[in-house]
Amino acid sequence: MWDSFAAGVALSGMRHGEAGGVNEFAELEYMNITVVTSNEPYGARDGSNPFFDGRATPKFGLQEGGVHSGHVQTGIRDAFCLVPGGNRGRCEDGYTKEVSGPEAVRVHVATRAKPNADKSSPLNREFFKSFLEALNLPENAGRFNISTQFPHYREIFYKPDFRNVSRGKAVIFDVDMSPGDFVSLIYLLKEPREVIDLKAVLVSGNGWANISSIDIVYDVLHMMGRDDVPVGLGNTTSLGNPTLGCKIFYAIPHGSGGFIDSDTLYGLAWSLPRSPRRYMSENLDHPERQQPHAYDVWQSIRKQLGPGEKITVLTSGPLTNLANISLSDIDASSVIERVYVVGGHIRDSGHDKGNVFTVPSNRYAEFNMFLDPLAAKTILESSLNITLIPLTVQRKVASFEGILAALEQHTQHTPESRTYFWEKFLVQFTWSKDLTWNPL
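Residues -7 to 432 (our numbering) make up the sequence shown, in order.
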C-alpha cells in the first residue's frame, strides 16, 4: 500500500494545495535531510568511494568527513557491512537522515498517516476509506477482466509422485546461469528418473547473470513439473575474495544492455510459465522466506540419502560452490561418487587458444577455471573422482547448426521445443557454442 498511499497524499495535496492546505491523509512537516551514501568512519579511504578516493577535491563539492565520505557498500555480501556473529548488517547506504549543515536539503516530509476520523470503522487510516471508495466507483471501470484474460494461470506447485518409480543416480546440477545451462537443465529433466534422480540445482552468482535470475531456474522446473527440486544460491564472488576488490568477474562480457539479455534469456523468460517459487533476498525478519543457500541445500540432500547412496555432481560453471562444500563439509567426498566438470583447457597443439577473449594478455585460460582458479585448484587437488570435459573436446563436438535443424523437425512432439523456444532463443546463439558444450 506504500505507493498507493503516496499517490493519495499527492492527490490530496493537489486538491487542497501544498502551501497552506491541510493534507487529508498525512501529517506533513519540513525537515532538513540528506540521503546517506556511505558509512562510518567518515573520511576513511578504502578504495570503495568514487566521490573521494583518488581525488584531490571531492566530487560534486561534497564535504570531507561528511556522511558521504566513508565506505560505500559494494554488494549485498560486502564483508565491511556484515557484523560477525550478528543477524543484521551495519551499512546505511541509501538511508534518509535528518542532518544540519551544507549537505542538508529542506524537504516537506510526511511523518504520519492520519487515523480514520470514524473510530468505529475497521479501516484504521483515513486513506484506506478514500482508496476503497475510489476503486469501487463505477466510473472509469477497466475494460478487461484479469480472471477471464488469463484463465490458465494457477499458483500451484507441481510435484511428481515418484513413490512407485525406481530411482537412478542422485544428481546435483551446479550452474552459473549462462544460456546453455537452461538447455542442459531441460535435458536432464527429460531423462527418466530411473536413469537420473535430479536432487537439486546450485547456482553461483558470479557475473553471467544477476542472482535474481534464479527465477528462470524456478520457472523451467515449474514448466517441467518439478517444483520439488530445491535451488540453492552460492557465493557471488570467487573463493577467498571479498566483494570489495574481487576483479576477476570484470572479464565477463556484457552487451550494451548489461544484464537485461542474460537475465531474461533473451526474452524467453517472459514466455515461461511462472513458478510460485521466486528469488527472495535476505529477510532477517522471516528467514524461512529467503533464498536457500547452496550449502544448506547440500546438507538437506545429504540427509535424504539412503544407506550406501552417493551423489554425482555436474558442474557447468566455476567450481566455487563445490569448493565451498568441500571445505565446509570435510566428509563431503565420502558421499560424492563422481564430479563431472565443464571447464579447463588442455592444449593438444601449440595453436589452441582459450576462450577468455576479454583478457587479451591471457591466451590459454578457460572461463570456468579463470573465474575461480582457487576453487578449481581446491577441487582438482581433492580426493574426488573427477571427469573433466575441457575446452578442447567441447570444440570438437560443436555442431550447433545441425542440432537446430534436427530440433526444428521435431518441435511438434514436445512442448519444451515448440517454435518459440526454437525461434526466439536457440537460433540467437548460432554464434555461440555454449548451448552445446554444457549439454555435452
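Don't be surprised by glycine CBs; every beta carbon is placed ideally from N, CA and C.
Count the other C-beta atoms from every protein chain shown that fall within 10 angstroms of the C-beta of residue i, then say buried if there are 16 or more, exposed otherwise.
{"i": "GLN65", "result": "buried"}
{"i": "SER(-4)", "result": "exposed"}
{"i": "ILE148", "result": "exposed"}
{"i": "LEU194", "result": "buried"}
{"i": "MET216", "result": "buried"}
{"i": "SER40", "result": "buried"}
{"i": "GLU433", "result": "Past the boundaries of the shown model lies residue 433; the chain is included only from -7 to 432, so the question cannot be answered."}
{"i": "ASN116", "result": "exposed"}
{"i": "MET361", "result": "buried"}
{"i": "ASP364", "result": "buried"}
{"i": "THR411", "result": "In this prediction, THR411 scores a pLDDT of 44, lower than 50, which makes its location untrustworthy; the coordinate-derived value is nonetheless stated afterwards. It counts as exposed."}
{"i": "PHE17", "result": "buried"}
{"i": "ASP38", "result": "exposed"}
{"i": "ILE203", "result": "buried"}
{"i": "GLN296", "result": "exposed"}
{"i": "ILE322", "result": "exposed"}
{"i": "GLU19", "result": "exposed"}
{"i": "ASN15", "result": "buried"}
{"i": "TYR87", "result": "exposed"}
{"i": "THR103", "result": "exposed"}
{"i": "ASP110", "result": "exposed"}
{"i": "ASP70", "result": "buried"}
{"i": "MET6", "result": "exposed"}
Helix, strand or coil for residue i per DSSP?
{"i": "PHE174", "result": "helix"}
{"i": "PHE43", "result": "coil"}
{"i": "GLY77", "result": "coil"}
{"i": "ALA126", "result": "helix"}
{"i": "ASN198", "result": "coil"}
{"i": "HIS63", "result": "strand"}
{"i": "ASN31", "result": "strand"}
{"i": "HIS214", "result": "helix"}
{"i": "VAL209", "result": "helix"}
{"i": "ARG387", "result": "helix"}
{"i": "SER254", "result": "helix"}
{"i": "TYR356", "result": "coil"}
{"i": "ILE148", "result": "coil"}
{"i": "GLU280", "result": "helix"}
{"i": "ARG294", "result": "helix"}
{"i": "GLY232", "result": "coil"}
{"i": "SER263", "result": "helix"}
{"i": "THR411", "result": "With a pLDDT of only 44 at THR411, under 50, the local geometry of the prediction cannot be trusted, and the value read off the model is given with reservation. In this structure, THR411 counts as helix in the three-state DSSP scheme."}
{"i": "SER112", "result": "coil"}
{"i": "PHE72", "result": "helix"}
{"i": "ALA324", "result": "helix"}
In terms of residues, what are the limits of the alpha helix (DSSP H) holding residue i?
{"i": "MET23", "result": "First-last for MET23: 18 to 27, but that is the beta strand (DSSP E), not the alpha helix (DSSP H)."}
{"i": "LYS345", "result": "Premise fails: LYS345 is in no alpha helix (DSSP H) and is neither H nor E."}
{"i": "GLY53", "result": "From DSSP, GLY53 is part of no alpha helix (DSSP H); its letter is neither H nor E."}
{"i": "ALA312", "result": "Looking at the sequence shown, residue 312 is not Ala but Thr. Run containing THR312: 312 to 320, per the alpha helix (DSSP H) assignment."}
{"i": "GLY0", "result": "-6 to 8"}
{"i": "LEU372", "result": "365 to 372"}
{"i": "ASN360", "result": "359 to 362"}
May I ask you to list the residues that DSSP assigns as paired with residue i?
{"i": "TYR332", "result": "LEU306 and THR379"}
{"i": "VAL163", "result": "LEU190 and THR304"}
{"i": "GLU90", "result": "ILE25"}
{"i": "ARG117", "result": "PRO107"}
{"i": "HIS285", "result": "LEU225"}
With distances taken between CB atoms, is the gap from residue i to residue j smaller than 7 Å?
{"i": "VAL221", "j": "LEU190", "result": "yes"}
{"i": "MET23", "j": "GLU90", "result": "yes"}
{"i": "GLY224", "j": "VAL289", "result": "yes"}
{"i": "VAL59", "j": "VAL28", "result": "yes"}
{"i": "GLY57", "j": "GLY35", "result": "yes"}
{"i": "LEU314", "j": "ILE381", "result": "no"}
{"i": "PHE44", "j": "SER61", "result": "yes"}
{"i": "ASP211", "j": "LEU177", "result": "no"}
{"i": "LEU311", "j": "ALA368", "result": "yes"}
{"i": "ASP166", "j": "ASN198", "result": "no"}
{"i": "THR384", "j": "ILE338", "result": "yes"}
{"i": "SER267", "j": "HIS214", "result": "yes"}
{"i": "SER205", "j": "ASP255", "result": "yes"}
{"i": "ASP173", "j": "ARG270", "result": "no"}
{"i": "ILE293", "j": "ILE328", "result": "no"}
{"i": "GLU125", "j": "GLY160", "result": "no"}
{"i": "ASN31", "j": "HIS63", "result": "yes"}
{"i": "ALA286", "j": "GLY335", "result": "no"}
{"i": "GLY46", "j": "SER196", "result": "no"}
{"i": "LEU366", "j": "LEU231", "result": "yes"}
Could you give the residue range of the beta strand (DSSP E) that holds residue i?
{"i": "THR103", "result": "97 to 105"}
{"i": "VAL223", "result": "223 to 225"}
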